[in-house]
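If you count the sequence shown from 1, position 307 lands on 307 in the UniProt record's numbering, and the numbers rise without skipping. Each remark here refers to the structure printed beneath this line.
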Amino acid sequence: MFDIDRWREIFQSISKNKLRSALSGFTVAFAILLFTLLFGIGNGLQNTFKNEFAKDAMNSIYIWTNNTTIAYKGNQIGRRIQFKNDDFTYIKENFGDKIQTISPRIQRSANVVYKDEKDNYTIRGVYPEYYVLESAEVTEGRFLNYRDLQENGKVVVIGKMVEKDLFGQLSAFGKQINISGIMYKVIGVFSDPGGDSDERYIYTPFTTMQKMYGNNDYVDEFGITYNPDLSIDEAIAFSSELHRELKKRHNVSPNDQRGIGLDNYATNNKEVSGMMFGLSILILVIGFGTLIAGVVGISNIMVYIVKERTKELGIRKAVGATPKMIVAMIMQEAIFITAISGYAGLLVGIGILEFAGPSLEKYFILNPSVSQPVVIGATLTLVCAGLIAGYLPAKKAAKIKPVVALNSD
1 MFDIDRWREI FQSISKNKLR SALSGFTVAF AILLFTLLFG IGNGLQNTFK NEFAKDAMNS
61 IYIWTNNTTI AYKGNQIGRR IQFKNDDFTY IKENFGDKIQ TISPRIQRSA NVVYKDEKDN
121 YTIRGVYPEY YVLESAEVTE GRFLNYRDLQ ENGKVVVIGK MVEKDLFGQL SAFGKQINIS
181 GIMYKVIGVF SDPGGDSDER YIYTPFTTMQ KMYGNNDYVD EFGITYNPDL SIDEAIAFSS
241 ELHRELKKRH NVSPNDQRGI GLDNYATNNK EVSGMMFGLS ILILVIGFGT LIAGVVGISN
301 IMVYIVKERT KELGIRKAVG ATPKMIVAMI MQEAIFITAI SGYAGLLVGI GILEFAGPSL
361 EKYFILNPSV SQPVVIGATL TLVCAGLIAG YLPAKKAAKI KPVVALNSD
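And the structure:
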């Protein structure tokens, strides 16, 4: 393998047969390039799906109310459904074993002012458990707690973009901000994997929100994370039962899809998992199809190369080369060409993905990339195919008598 004379012969053979070597290398490089691009784009699509679900906990369920679209039990169409605090108690008492966390929510838009800076933001009144639903991360201070709820505290936790808008480079922690004419203390700042839009929310205690905005017991929405021990099918069955019981409780027709709305991420997860599985299979089929095409190409070239070099091999045998030495030389040359070409195809493919990555986001392909072990494995597959394709004719050619080989056309 490390025989200098053999390597010298290999490089001489490559330099004397540039077209032959270039065709061999191009076949491998092109196959690996296509393989890299296909897997990169496939991973980009999967990243898009994952990014969409990064905005909230994967086991989230959201329930909200609206106007009815079907008359039911003497109630007119268009009746507004309104959740209240006792619905919160009802859900916890009847479905507590299937719930991990639950938080009611009230949401309003309000003008927020800090010194000379002001803007309009969405204010959310929530329980401390809502922190889990949003998959948020407090970067400074803390999130809401139950003491804030009990005391109707005028405190807020703001997103990083709110801090940036109102405070610039300064820290918002501990500062006072004016929300619709009422002063609130900033007790925390959070970041959110959902991006800038989710970092422009402001959270305040649910009880404070109820008292300051209506002084009633109304609830806009419930956010729930279901018990992680539930399977996807069990989680879907749980949300369906909850949906059905809340409709009964508020006299909403079972066929009315608008009066009480529900979004269960388990359903979305099941659909997306199916799509991602199908996408993975499609990518594998196309990717392996590309590899097979590469295998056929490199195999044909190797057969042609050995046949073309029959006379050369005869000369080598005439001057003392053994069959084993001839086969080893051809195999070593094949490994060298396929390895270098495969690595070149890998580099070009990764370069294209990195260059085109930002522009592909508008086509829902986020951060297209491919793991090197996958592509290296594909390259090794082509190398092995080249070796197998070259070994048999090389072994056959090595057995030919020098006289016969020298007289071959």
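Built from N, CA and C at the ideal position, the CB exists for glycine as well.
Three-state class that DSSP yields for residue i in the structure shown
| i | result |
| --- | --- |
| S369 | coil |
| Q76 | coil |
| M183 | strand |
| T207 | helix |
| Q46 | helix |
| S60 | strand |
| Y213 | coil |
| T65 | strand |
| S15 | helix |
| G377 | helix |
| F30 | helix |
| G188 | strand |
| I10 | helix |
| D165 | helix |
| K118 | strand |
| I70 | coil |
| I81 | coil |
| D5 | helix |
| V319 | coil |
| S171 | coil |
| F35 | helix |
| G25 | helix |
| G195 | coil |
Alpha helix (DSSP H) segment containing residue i, residue limits
| i | result |
| --- | --- |
| V132 | Y130 to L133 |
Residue interval of the beta strand (DSSP E) (run including residue i)
| i | result |
| --- | --- |
| A328 | Premise fails: A328 lies in the alpha helix (DSSP H), P323 to L360, not in any beta strand (DSSP E). |
| A110 | I99 to Y114 |
| T89 | Not the beta strand (DSSP E): T89 falls in the alpha helix (DSSP H), residues N85 to F95. |
| F222 | E221 to Y226 |
Alpha carbon of residue i to alpha carbon of residue j, nearest angstrom
| i | j | result |
| --- | --- | --- |
| Q169 | Y114 | 14 Å |
| T290 | T322 | 37 Å |
| I330 | G345 | 22 Å |
| F30 | D192 | 41 Å |
| F173 | T207 | 22 Å |
| P358 | T48 | 13 Å |
| L347 | S171 | 43 Å |
| S180 | N59 | 34 Å |
| I232 | A266 | 6 Å |
| S24 | A235 | 55 Å |
| D165 | I224 | 31 Å |
| S341 | T204 | 60 Å |
| D217 | G287 | 58 Å |
| T122 | F190 | 15 Å |
| residue 423 | I14 | Beyond the ends of the chain as shown, which are 1 and 409, falls residue 423; an answer cannot be given. |
| G377 | A318 | 39 Å |
| R258 | T69 | 7 Å |
| T89 | P104 | 10 Å |
| M212 | M183 | 12 Å |
| E140 | I187 | 8 Å |
| L313 | L38 | 40 Å |
| A356 | L34 | 15 Å |
| E221 | I177 | 26 Å |
Identity of the residues DSSP links to residue i by a beta bridge
| i | result |
| --- | --- |
| I400 | DSSP, once it has assigned bridges, lists no residue as partnering I400. |
| Y201 | T122 |
| Y218 | K84 |
| I177 | Y184 |
Q) In chain order, which alpha helix (DSSP H) runs of at least 4 residues are fully inside the segment 122-162? A) Taking only runs of at least 4 residues, the alpha helix (DSSP H) segments lying wholly in the segment 122-162 are 130-133 and 146-150.
(Q) What ranges does the beta strand (DSSP E) occupy inside the segment 230-311, keeping only unbroken runs of at least 3 residues that lie completely in it? (A) 260-264
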